[in-house]
Structures are given as C-alpha cells and as structure tokens.
Amino acid sequence: MKLEDVKPLTKLNLTLEVANELLKTYGSPLYVYEGDRLHQTIHRISQSIPYPRTHFHFASVTNGNINLIQIFHSCGWGLHANTPGDIYLGLKAGYAPGQIVYSGSNLNPAEMRQLLADGVNTLNLDSLSQLRLCCEIYQDLKTSIKPPKLGLRLNLPEITGESRIGVQPHEFEQAIAIANLASLKVSGLHFYRGTGTNATAAFTQVIETVISSAQLLPDWEYLDFGGGFGYPYNKNIPGFDWEKFGEEITQQLLKLGREIDLIIEPGRAAIAGCATLLAQVVSVKWQGEKQIVGVD
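Residue 268 in the numbering used here is what sits at position 262 of the sequence shown, and the numbering runs on without skipping anything.
Structure, rendered in structure tokens:
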C-alpha cells in the first residue's frame, strides 16, 4: 500500500508531497488538523441552537492539545473539565477560571481545594460525598473566594441504564440540605447521555425528562447538557443532527417561562471531523482474501 492510496488524505486535501514533508518534520505517526474545517464545525454547532442563553464548552478530555483548545477559546467557547489536569490545560490556554465548568468524579481534598482556590466556580458534582467535601472546603476558603455555583450530575437509570455517574433524583433533597448548611445552593443539573452517541433521538427524547428532574431543584438556574455527542467515523452511519436537537431543546426551555442558562458540551463531535492520522506502512500480509496492513 502506498501513502497516496490512503483515503483520509483526500479529506483534508493533503498532497502526498505535503504529507511526506510533515512526516519528515514531525515523525510518524502524526495527527494533522485542518484549522479551517475546525472553525467551520465550531460555527455550525454554535448556530444550531437558537436558544438565547446557550453557552458552548469544549470538553478537553476528548483532545488535550493546547493549540486546539486555544482555537475554541478564540471562538468564544468555554471549557469543560473532567479532571484537575483539564483545568490546568484550560488555564494554560488562556481561559479565565470563570470560563471553565468542572464535571468530574473522585476528587481528593487537596484537589477540591485547588479547584476552588483557582476560581473555578461552576462545579457539577458526582455524589453526595463530593458535594459534602466541596462545602466543607468552601467553609475554610469562603473569605477569599466567591461562592461557587453547584450542580449535580444526573443519574437516571431508566434512560442511561446502570451507571456509576451521578446523583439520582431521590437524593436531591439531601443534596440541597448539605449545600444549605454551607450557605450555598444547588442551582444546576448536568446530564451525560453516554459516550459517542450518534442517534439524535437518544438526546431529543430525553429532554423533557431531564428538565422535569431539574425542576425538582428549587434554585435551578442552569442545565448542562452533554457530552456524549458522537461523530460518524463510519460513512454508513448517519451523523448527529445538531439543528434538530437545537430546535427541540430550545422549544422545551422556552416553554418554561423562566430564564435558564443552557450549557452544551460537544467534545469529539466538534473536533473529530477535522483530523487525519498519517502513519507509515511497515508490513503487509494476506490471510486468504483478507489483506492486513501493519503501521507504525
């Protein structure tokens, strides 16, 4: 197999000459990203949801390249962090702490303290114990930091099946009480559909149920919807319909008659389509009718 036969090259209009020069300069294997295509995808997704209080955040867990993160920053997107490392990358990329939303699990006390001290003030917490830890540390730091916005990661077994992520609605009352003891409130709900879901209906059909769960929070102010939006790596798989999803979630939120902020977290859906992997073939063999190509 020759390099010019690798079909993904045509996707980014890479010539064989350019591809070889890139591999000569940077080594193999090599991911190559097309900035123009990335900007087009960011623009399309940004325009797909007409709801006026929508904020887009790139989930850096899907790609931690700081140069790519800076592109999302320049396009007005916030950052979604799953780990303290994601927060570190976001700050290095130029994000202000207030532009970062944390949605993660299993922080130890030192990590929780650092997160609050850094000024990340929107936290979607995964459990009652993590909420309790956050409130305890906030009590120690409250004279030097702003009160954080606290949200809960939502666990709905009837939708996502058995999942280790999140707090179930029957736990909301206890969560509210924990926050109130620290003079804080639970004002947000974060819904994670699952990893790499291409079916638009998997998202649109659950919007009403998620909103109903959020309305159980008396101080509800924001809905964080995502990630899990997929990308059709196989050309025979239909892609996610952002416009249909945007129309449906806009209608559902406008019916509420109250101002709710909407956070959308496209991860791989925003970045996968602008990338090509260049690699060099190191072996070729046949097993009957099947050709097996080994790369580096």
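Glycine included, C-beta positions come from ideal geometry on N, C-alpha and C.
| Asked | Found |
| --- | --- |
| 8 Å CB neighbourhood of residue 290 in its chain, flanking five on each side removed | 7, 297, 298, 299, 300 |
| Under 7 Å between C-beta atoms of residue 158 and residue 181 | yes |
| Cα-Cα separation, residue 223 to residue 266 | 12 Å |
| Three or more C-beta pairs below 8 Å linking the region 143-151 and the region 194-214 | no |
| Contact check, residue 259 vs residue 57, beta carbons under 7 Å | yes |
| Contacts around residue 154, its chain only, beta-carbon distance under 8 Å, and the 5 residues preceding and following it disregarded | 122, 126, 127, 128, 129, 140, 144, 190 |
| Length of the line joining the Cα atoms of residue 55 and residue 292 | 49 Å |
| Buried versus exposed, by CB contacts within 10 Å (16 or more), residue 10 | Its pLDDT being 38, under 50, residue 10 is placed unreliably in this model, and the value from its coordinates should be taken loosely. Residue 10 should be labelled exposed. |
| CB contact flag (residue 99, residue 75, <7 Å) | yes |
| Spatial distance of residue 160 from residue 246 (CA atoms) | 22 Å |
| Three-state secondary structure (DSSP) of residue 30 | helix |
| Contact set for residue 286: own chain, Cβ-Cβ below 6 Å, skip 5 residues either direction | 34, 302 |
| Cut-off 7 Å between Cβ atoms - residues of its own chain near residue 104, not counting five sequence neighbours on either side | 125, 127 |
| Where residue 203 falls: helix, strand or coil (DSSP) | strand |
| First and last residue of the uninterrupted beta strand (DSSP E) at residue 109 | 106-109 |
| Other residues of its chain near residue 13: CB distance less than 7 Å, five sequence neighbours each side excluded | Residue confidence is low: residue 13 scores 41 on pLDDT, short of 50, so the model does not pin down where it sits. Its coordinate-derived value is still stated next. Around residue 13: no qualifying Cβ. |
| Inter-residue Cα distance where the pair is residue 85 and residue 52 | 14 Å |
| Contact under 7 Å by Cβ, residue 201 with residue 234 | yes |
| Inter-residue Cα distance where the pair is residue 68 and residue 112 | 19 Å |
| Residue 120 to residue 295 span [Cα, whole Å] | 57 Å |
| Start-end ranges of the beta strand (DSSP E) lying completely within the region 97-167, minimum 3 residues | 106-109, 128-131, 155-159 |
| Where the alpha helix (DSSP H) through residue 253 begins and ends | 248-260 |
| Start-to-end residues for the alpha helix (DSSP H) that takes in residue 41 | 41-53 |
| Status (buried if at least 16 other CB within 10 Å, exposed otherwise) for residue 277 | buried |
| Extent of the continuous alpha helix (DSSP H) to which residue 243 belongs | Looking at the DSSP string, residue 243 is not in any alpha helix (DSSP H), and its letter there is neither H nor E. |
| Residue 174 versus residue 256: straight-line alpha-carbon distance, rounded | 25 Å |
| Integer-rounded CB distance, given that residue 171 should sit under 8 Å from residue 230 | With 8 Å as the limit, residue 230 and residue 171 do not qualify as a contact, their Cβ atoms being about 13 Å apart. |
| Residue 291 - partner residues in DSSP beta bridges | 298 |
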